[in-house]
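Working notes, structure below.
Numbering (the working numbering), first residue to last: 335 to 587.
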């Protein structure tokens, strides 16, 4: 991607030097190759440099940054993280992703400040209480602990969604039955009111991050599931197939 004077010049210069280092390019090659990465106002500036005014690539780098200094992104102060709070409709996973992105924009950020700001912005009460058990957490430790709370949150959300199922009842027919029978005896067609079409269950669910067996074991311990209806055949069924949910043989979970 060419630099046209609208982006951060420091990012462009860093990317250019990284590529030159990878290719083992010397100072002379860098001076010649740099103009190829410029476009628009940036290449106009480069072409306006007086011949012999630049001794080496270090001179070009300083002049380049000075020319486009207003485009250099300013590092944010750590206090800005206090404004990065979890929204009411935002999952913990998405909030952590957004918080981590903001951390990358802050220079000299310490784990102490980051963990305090994250704890302040969390809406997940269980996760927030856990973070208060230690005075300082590294961001790596927080990411590892967060996985457990994110999984619990996603399982609870799936279970809550599955409990909601639309139901439709067929309206009662008042007095129409006798009239239809009389109409049929007179030779007319007999029509039976058509019920409302049945609506199937959901087919698209939020994907689980754990196998269904592990999900069941987690929610079974918490007592979320109601007791299932007993199996019709308590004695038959394939003995090699056991369902832990129904406590019977004949099929697997």
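Glycine is no exception: its CB is placed at the ideal position from the N, C-alpha and C atoms. Just so it is clear, the structure is predicted and the values come from calculations on it, not from any experiment.
Sequence-distant residues of the same chain with beta carbon closer than 8 Å to residue i, five excluded per side
| i | result |
| --- | --- |
| residue 447 | 412 and 415 |
| residue 436 | 410, 414, 415 and 418 |
| residue 371 | 336, 337, 346 and 350 |
Cβ-based burial, residue i [other Cβ within 10 Å; buried from 16]
| i | result |
| --- | --- |
| residue 489 | buried |
| residue 417 | exposed |
| residue 343 | buried |
| residue 451 | buried |
| residue 582 | buried |
| residue 336 | exposed |
| residue 314 | A question about residue 314 goes unanswered here, because the residues of the chain that appear run from 335 up to 587. |
| residue 420 | buried |
| residue 575 | exposed |
| residue 443 | buried |
| residue 356 | exposed |
Option nearest residue i by Cα separation, candidates the options
| i | options | result |
| --- | --- | --- |
| residue 410 | 438, 424, 457 and 425 | 438 |
| residue 340 | 374, 464, 458 and 435 | 374 |
| residue 405 | 376, 476 and 421 | 376 |
| residue 484 | 442, 456, 470 and 472 | 456 |
| residue 561 | 356, 543 and 580 | 580 |
| residue 345 | 399, 440, 370 and 382 | 399 |
| residue 349 | 368, 545, 480 and 546 | 368 |
| residue 463 | 474, 479 and 473 | 479 |
| residue 422 | 395, 459, 356 and 545 | 459 |
| residue 396 | 362, 553, 347 and 381 | 347 |
| residue 481 | 461, 361 and 494 | 461 |
Three-state secondary structure (DSSP) of residue i
| i | result |
| --- | --- |
| residue 417 | helix |
| residue 430 | helix |
| residue 455 | helix |
| residue 546 | helix |
| residue 465 | helix |
| residue 410 | strand |
| residue 372 | strand |
Own chain, CB closer than 7 Å to residue i, minus 5 neighbours either side, in chain order
| i | result |
| --- | --- |
| residue 466 | 453 |
| residue 407 | 342 |
| residue 449 | 465, 470, 471 and 476 |
| residue 379 | 401 |
| residue 543 | 485 and 488 |
| residue 445 | 470, 471, 472 and 473 |
| residue 364 | 354 and 391 |
| residue 441 | 409 |
| residue 430 | 480 |
Own chain, CB closer than 6 Å to residue i, minus 5 neighbours either side, in chain order
| i | result |
| --- | --- |
| residue 338 | 373, 374 and 376 |
Min CB distance residue i to chain D below 8 Å
| i | result |
| --- | --- |
| residue 485 | No chain D appears in the structure shown, which is made up of a single protein chain. |
For the structure I just gave you, are there three or more beta carbon pairs, one from the stretch 381-393 and one from the stretch 417-430, closer than 8 Å? Two segments are said to touch when three or more pairs of C-beta atoms, one from each, lie closer than 8 Å; by this definition the stretch 381-393 does not touch the stretch 417-430.
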